[in-house]
Structures are given as structure tokens and as C-alpha cells.
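J.: Pasting a structure here, questions to come.
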Amino acid sequence: MLYANEIVHNAKKNRSTSNYLMFKFVFAQKNFMKNSAIFVLLSALFLLSCRKEKTSWDSDWSAPLVHGELTINDLIPADYTETNSDDYLSIVFHESAYSFSIDTLIDLPDTSVIKVINIGEFSDISIAPGFSFNDNYEGAYDLGGVELKRVIIKSGTAEMQVKSPWKGKSLLTIQFPLINEDGVPFERTYPVPAGSVENPSIVIDEVSMADFDMNLKGLTGMSYNEVPADFIVTSDETESSFVVTSADSVTLKVTFKDMIPKYAKGYFGQYTLSDTLGFGLAPMKKVIDGSIDIDSVDLKVTIMNGFNLIAQSRISKIAGINSRTGTEVSLSFPELGSSININPATGGIHDMVPSSYPIDINNTNSNIAEFIENLSDSIVLGYELKINPEGNVSAGTDEFFPTSKMDLFVDAEFPLKFSANDLTLVDTFDISYNPIETVTPNNGAIVMAYENGFPLGAEAYFYLMDDNNVVLDSIKASSPIISGSYDELMYLTTPSAGQLTYSVPQSTIDNLELAKKMMLVVSFSTDSAEKVRINAESFFNFSIRTNLQINVQL
632 MLYANEIVHN AKKNRSTSNY LMFKFVFAQK NFMKNSAIFV LLSALFLLSC
682 RKEKTSWDSD WSAPLVHGEL TINDLIPADY TETNSDDYLS IVFHESAYSF
732 SIDTLIDLPD TSVIKVINIG EFSDISIAPG FSFNDNYEGA YDLGGVELKR
782 VIIKSGTAEM QVKSPWKGKS LLTIQFPLIN EDGVPFERTY PVPAGSVENP
832 SIVIDEVSMA DFDMNLKGLT GMSYNEVPAD FIVTSDETES SFVVTSADSV
882 TLKVTFKDMI PKYAKGYFGQ YTLSDTLGFG LAPMKKVIDG SIDIDSVDLK
932 VTIMNGFNLI AQSRISKIAG INSRTGTEVS LSFPELGSSI NINPATGGIH
982 DMVPSSYPID INNTNSNIAE FIENLSDSIV LGYELKINPE GNVSAGTDEF
1032 FPTSKMDLFV DAEFPLKFSA NDLTLVDTFD ISYNPIETVT PNNGAIVMAY
1082 ENGFPLGAEA YFYLMDDNNV VLDSIKASSP IISGSYDELM YLTTPSAGQL
1132 TYSVPQSTID NLELAKKMML VVSFSTDSAE KVRINAESFF NFSIRTNLQI
1182 NVQL
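Heads up, the sequence shown is in the numbering used here, so the first residue is 632 and it goes up one at a time.
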């Protein structure tokens, strides 16, 4: 009994991934083959409708299945390829390898402003119509080492609560003189019905703080994190007076909740963030054997700072791990392990321009070729980021913008000039074969005629497996796909033509009924291990037909 993992290590390997996609498509045509068999059966039933005894006959059945052409962009999306200055193809890559925002460093915790007004604390006071009393509050956000001077709110609420035992009606006004709403100081006035100590009147309101601009420098303009407020309580009676005693305290409470800034200015504190991240390269899990020898790779890692603050970064590790072989290759380059000073972003809230620090990694200053040739299926990235490493040297002018974030961008160009030696890929897909009871296939073959304009040759096997990945059978070709003839001086490939036959005996057809999965193992190589160039005109033309021997019983 063989299992899939044993097969992929014992399989013979030789040539190209072009064959890989094509053969997946061929076996997707099995429903077409079944429908054709049904057509043969129905025709036979029509011709023999007058006969009562059972009839059977054998027949050879041949039919074309598909004709097509594959180019490099059937294997690699066009967005990831371009013709380079030497007039052949390169794989290009531009992605954010890691991105994060440090807005959590300037998180605004839920904060309450509470004021108790007791104007009758020392003696009873008669409150006449029109009476007014002012009081103020000088509170502050507790933000630890963060010292904010200004914040524009993205989202959050202010919950107002007034609790009054006054025996007459009143108006209560809450003002935040340094919090602006569309350029106007924040102010809300609430009518408060008469109440008592036993049953005080309570008024509750909730205000969205989105887009409010909070000046936190205090009334002197020299402080930070301060939230000053004014409270005005006025009698709303028009004719009669009422008495306020020492027990008649009015309580005002404003709670800022779930406040998220979209802009902030001040000193964001001194922090060190570090981590080691691992992420998988799923397509590379399909590579099970073989090797490649590449000509060159140009890699640029760019650290981008979208904050107006001083930062320092250090890349402590970039390593590729090939889990199949157990090998790990650490990428070595001049900046590895060194502290890199990252300049602040420029511009303002509406025109911020991030700063960037590019790190060039190539064949001359690194082991990038060895790193790529390891065929890693996972990457380990270690980093360290220091915010304000020298403390508050900017005098509280750090800025966080709506689009601020730290990015680690990777730009790569991989010229398609390489050699391959038995580079082997594997893929598994589900199948479902439901035979027709009255039509019995005896033997069969799938025949492919091809014209190969790639400078690569290939060989491919199919394996039928059950639900437990036990291999039931194999389907093999009569010969490999021959590589196009490559001219190393002119960098041109002359197409080669040939024909493959995949034999499908009756025993294999019987195993199709038991099989739940099909595994495809493909290997590809370049001739004589020479480095070849692939250009945009490379192609693979193919025509596929079936030859089946069937037995029909009526």
C-alpha cells in the first residue's frame, strides 16, 4: 500500500509547469466524455428498439476533446510580469510585507468630567426668577507618558447627565471653550424640571463627537491633556422663587466614551515595539523536489513613516525556511541588525507625504540568490521599532494623520533567466466518476499533440487516491514533453513538436470508481542545466483527443 507522500518522493521527475495546468484541464473534461458515451448509448437504443433479446458489442471510439494555447500569463498573472531592458520577461512584485498603525499609543481612555454645584452649602438661598450661577472645571486626560495638545475626533460620544433636586425649574448650560464644533465652542443647554432630594430630576443626552476639534493646551495655551469646562445654572421660573438648601446639590457629569482620534498633535511618548513574525508561502508548498539556479534578483525593502515623529527601525532577521528539506537560509545584507533613523513625514492633515528609507538588496551586496534558490515555503521576519528614541526632542510636535501608518514595502524584480533541474510540483484535486451501467469502458488512451515554444521540458504523472490518500493507481505518459530548442546566443527558442499518449487500461478505469482524489506530480528541467531566458512570445499549443474501447449492452 502506497501513500501520497511516498509517491511524490519516488516519482520520476523531469520537465515543465505548462503541462501542469493543461492536464488539470484535461481531466476536467471527464463529464464531456460521459455525455458522449450517453449519446452513443441512446443512438444504439434507437437503432435496436425492435429487438427483445440482450445485445452487446464492442466499439472503438475516438473523439477530440480540446485545443488550446498557454502563454506565460496563463501561469503568472500579467500584473506580475513585464518586459525588462534586455527584452525578456521579469517577474515583478510590489506589496506591503507588513503594515501597522500606532494610534493605540495615543488611545483616549473613557474620561468623566464631574462637577457638583452646591450654592446653598453654607446657608439657604432664595432663588428668584432669572437667577444665574457660574462655575468652572479644570480637568485633564490621564494619558501616561503621552502629552497631547490637539486632537480631532474620528468617532466617539459625550454622554451628558444632569441630576438636580432643585424645587424649581432650571436651565443648565455646559460649555467646553476649547472644544470646537464647526469652529464654534461646544455648548449644550438643557431644561431641567423641578425635583426634590428624594426624587431628583435627571436629564441624559448623548452627543456624537465625530469631527470635534479638541484643543488640550489649557486656558493658558502652555499645557497639555487639559479639558477645561464652564457650567451655568439658571432659574427657569418666570414668577415665583424657591429655596435651595445645603442638601440641594446639582451634579453634572460629562463622560467622553470610545474616543478614537483621526488627528493628534503633541508628544506621543517613548516606546519600543519588537516582534518576530512568521508567514507561509502557500504556492511553495507544492514544490516537493528539485532545484533552480537563478541569474539575478533585485530586491528593495522600503520602510515608510506616515507619522510626523522621529523613529528608529532595525531589521533583526529575514530567513526563509524550506520545510521539505529542513533548511533555513538567513538573508544577509549591509543594513541587517543596524539601527536605521527614519525621518518624519511631511505636509499636514490633508497633504501628508510619508518619508521613506529604501534598502537595496541584490547579488553584489547579499546572498539573495541563495535565499531564493532555497525554495522556502515560509518566511521569518524580525523587527524592532523605536518611537522618539531620544525623548521629547520635537517639543511636543509629533503628529498622527488620518492615513498614518508604518509600512514595510517589498519591491522585487526576478528576471526569468534561470536553469531548473527536476523542479517538481504537486497538486491534489477532488474527482467524482459515475459510470453508466450499460456502457463498459475496456481500455483507453488520452493523446496529446503539442508544439512547445518554452525552453523547458516536462514530465507529468497522475495518481488516483482514496479519501485517506492511499494511492490506488497511476496514469503515466509514453514519453516526456520535449523542450523547445534554445539558442543561447540569440536568446530565442525554436518550438519543438511531439505527441504523448496516456494509457488508461480497464483496471485504471475500475479504480476511478473508488478514487476520490487525483494527485498530479509535474517536474521540469532546462537542457544541460543552462540558464534560459523566457520572453513574452513563449507559448505551448496542444490538441487532445481520446481513444476508447467500449462495450455496450442492451
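Every residue gets a Cβ at the ideal spot worked out from N, C-alpha and C, and that includes glycine.
According to DSSP, is S1138 part of a helix, a strand, or is it coil?
T.: Counting from 1 along the sequence shown, the entry for residue 1138 is found at position 507. Reduced to three states, the DSSP call for S1138 is helix.
J.: Does DSSP put M915 in a helix, in a strand, or in coil?
T.: Translated into the one-based positions of the sequence shown, residue 915 becomes position 284. Three-state result, M915: helix.
J.: Is the region 982 to 997 close to the region 1018 to 1029, with three or more CB pairs under 8 angstroms?
T.: Output reads no: the region 1018 to 1029 does not touch the region 982 to 997.
J.: So what's E1082 in DSSP terms, helix, strand or just coil?
T.: By 1-based counting over the sequence shown, the position of residue 1082 is 451. Of the three classes helix, strand and coil, the one that applies to E1082 here is strand, per DSSP.
J.: Please return the same chain residues whose Cβ sits closer than 6 angstroms to the Cβ of T933, not counting the five positions on each side in sequence.
T.: Start at 1 with the first residue of the sequence shown, and residue 933 comes out as number 302. Result list for T933: S987, P989 and F1040, in chain order.
J.: Look at the alpha carbon of V1024 and the alpha carbon of K893, and state the distance between them as a whole number of angstroms.
T.: Position 393 of the sequence shown holds residue 1024. Position 262 of the sequence shown holds residue 893. Going from the Cα of V1024 to the Cα of K893 covers about 23 angstroms.
J.: Closest to F1170 by CA distance: which of S716, S1114 and I923 is it?
T.: Locating residue 1170 in the sequence shown gives position 539, where the first residue counts as 1. Minimum Cα distance to F1170 is reached at S1114.
J.: Since L1103 and L1145 are thought to touch, with beta carbons under 8 angstroms apart, how far apart are those beta carbons, to the nearest angstrom?
T.: Taking the sequence shown and counting its residues from 1, the one referred to as residue 1103 is at position 472. Taking the sequence shown and counting its residues from 1, the one referred to as residue 1145 is at position 514. Confirmed, Cβ separation roughly 6 angstroms.
J.: How should M890 be labelled, buried or exposed, when 16 other C-beta atoms within 10 angstroms of its C-beta is the threshold for buried?
T.: The count along the sequence shown starts at 1 and reaches residue 890 at position 259. Flag for M890 reads buried.
J.: How many angstroms separate the CA atom of K794 from the CA atom of V881?
T.: The residue given as residue 794 occupies position 163 in the sequence shown. The residue given as residue 881 occupies position 250 in the sequence shown. So the two alpha carbons sit approximately 6 angstroms from each other.
J.: My guess is that D738 and F887 are in contact by the Cβ rule of under 8 angstroms, so how many angstroms apart are they, rounded?
T.: Here residue 738 refers to the residue found at position 107 of the sequence shown. Here residue 887 refers to the residue found at position 256 of the sequence shown. D738 to F887, Cβ: 12 angstroms. No contact.
J.: Using C-beta distances below 7 angstroms, list every residue in its chain close to G699, excluding the 5 sequence neighbours before and after it, in chain order.
T.: Sequence index remark: in the sequence shown, residue 699 carries index 68 (1-based). F1173, listed in sequence order.
J.: On a Cα-Cα basis, can you pick out the residue from F862, M1096 and D813 that is closest to I745?
T.: For the purposes of this step, residue 745 is taken as residue 114 along the sequence shown, with counting starting at 1. Comparing Cα-Cα distances from I745 to each of F862, M1096 and D813, the minimum goes to F862.
J.: Quick check: is the beta carbon of L1143 nearer than 7 angstroms to any beta carbon in chain D?
T.: Within the model displayed, chain D is absent; a lone protein chain is all it includes.
J.: Between N1005, G978, L967 and G1013, which lies nearest to I992 when the distance is taken from Cα to Cα?
T.: Numbered from 1 along the sequence shown, position 361 holds the residue referred to as residue 992. Ranking N1005, G978, L967 and G1013 by Cα distance to I992 puts L967 first.
J.: Considering just the uninterrupted stretch of the alpha helix (DSSP H) at D705, what are its terminal residues?
T.: In the sequence shown, counting from the first residue as 1, residue 705 sits at position 74. Residues I703 to L706.
J.: Have a look at the DSSP bridge pairing and note the partners of K1048.
T.: Taking the first residue of the sequence shown as position 1, residue 1048 is located at position 417. Answer is R1164, bridged to K1048.
J.: Quick one: using the 10 Å Cβ neighbour count with 16 as the cut-off for buried, is S944 buried or exposed?
T.: Numbered from 1 along the sequence shown, position 313 holds the residue referred to as residue 944. With 16 or more other Cβ atoms within 10 Å, it is buried.
J.: Could you tell me which residues DSSP pairs with T933 in its beta bridges?
T.: Mapped onto the sequence shown, residue 933 falls at position 302. P989 and F1040.
J.: Under a three-way DSSP split, which group does F1031 fall into?
T.: If you number the sequence shown from 1, residue 1031 lands on position 400. Three-state result, F1031: strand.
J.: Buried or exposed for M1121, going by 16 or more other Cβ atoms inside 10 Å?
T.: Position 490 of the sequence shown, counted from the start, is the residue given in the question as residue 1121. It counts as exposed.
J.: Please return the same chain residues whose Cβ sits closer than 6 angstroms to the Cβ of F1002, not counting the five positions on each side in sequence.
T.: Within the sequence shown, numbered from 1, the residue matching residue 1002 stands at position 371. Same-chain partners within the cutoff: G951, V960 and L962.
J.: Anyone know if the C-beta pair for P796 and V828 falls short of 7 angstroms?
T.: Here residue 796 refers to the residue found at position 165 when the sequence shown is read from its first residue. Here residue 828 refers to the residue found at position 197 when the sequence shown is read from its first residue. Going by C-beta atoms, P796 is nearer than 7 angstroms to V828.
J.: Determine, using beta carbons only, whether S727 and D1038 come nearer to each other than 7 angstroms.
T.: Start at 1 with the first residue of the sequence shown, and residue 727 comes out as number 96. Start at 1 with the first residue of the sequence shown, and residue 1038 comes out as number 407. Going by C-beta atoms, S727 is nearer than 7 angstroms to D1038.
J.: Quick one: what does DSSP say Y1122 is sitting in, helix, strand or coil?
T.: Sequence index remark: in the sequence shown, residue 1122 carries index 491 (1-based). DSSP places Y1122 in coil when its eight states are reduced to three.
J.: Use the C-beta contact count for S649: other C-beta atoms within 10 angstroms, 16 or more gives buried, fewer gives exposed.
T.: As a working note, residue 649 is residue 18 in the sequence shown. Interpretation of S649 is limited by its pLDDT of 31, a score under 50 that renders its predicted location unreliable; no figure is taken from the coordinates.
J.: Taking 7 angstroms as the threshold (C-beta atoms), are L779 and G897 in contact?
T.: Counting from 1 along the sequence shown, the entry for residue 897 is found at position 266. Counting from 1 along the sequence shown, the entry for residue 779 is found at position 148. Yes, these two residues count as a Cβ contact at 7 angstroms.
J.: Can we say the region 758 to 766 touches the region 813 to 830, given the rule of at least three CB pairs closer than 8 angstroms?
T.: The region 758 to 766 is not in contact with the region 813 to 830.
J.: Is it right to say P965 is buried, meaning 16 or more other beta carbons lie within 10 angstroms of its own, or is it exposed?
T.: On the sequence shown, residue 965 is found 334 positions in, with the first residue counted as 1. Classification of P965: exposed, given that the 10 Å Cβ count is below 16.
J.: Measuring only the C-alpha atoms, how far is S1154 from F1085?
T.: Here the question's residue 1154 lines up with position 523 in the sequence shown. Here the question's residue 1085 lines up with position 454 in the sequence shown. Distance between the alpha carbons of S1154 and F1085: 14 angstroms.
J.: With a cut-off of 8 angstroms on the beta carbons, I'd call F938 and I1010 a contact; round off their distance for me.
T.: Here residue 938 refers to the residue found at position 307 when the sequence shown is read from its first residue. Here residue 1010 refers to the residue found at position 379 when the sequence shown is read from its first residue. Incorrect: roughly 26 angstroms between the Cβ atoms, too far for contact.
J.: Report yes or no: do three or more beta-carbon pairs, one from the region 829 to 848 and one from the region 748 to 762, lie closer than 8 angstroms?
T.: No, they do not touch.
J.: Provide the residue span of the alpha helix (DSSP H) that contains L976, from first to last.
T.: Residue 976 sits at position 345 when you count from the first residue of the sequence shown. The sequence given here has Ala at residue 976, not Leu. That residue, A976, is in no alpha helix (DSSP H); it is neither H nor E in DSSP.
J.: Using DSSP with H/G/I as helix, E/B as strand and the rest coil, what is F910?
T.: Here the question's residue 910 lines up with position 279 in the sequence shown. Reduced to three states, the DSSP call for F910 is strand.
J.: Should I1186 and A1000 be called a contact, given that it needs their Cβ atoms to be closer than 7 angstroms?
T.: Coverage of the chain is limited to positions 632 through 1185, which leaves residue 1186 absent and any answer about it impossible.
J.: When you compare the CB positions of V1078 and T1139, do they come within less than 7 angstroms of one another, or not?
T.: Mapped onto the sequence shown, residue 1078 falls at position 447. Mapped onto the sequence shown, residue 1139 falls at position 508. No; because the gap between Cβ atoms is not below 7 angstroms, this pair is not in contact.
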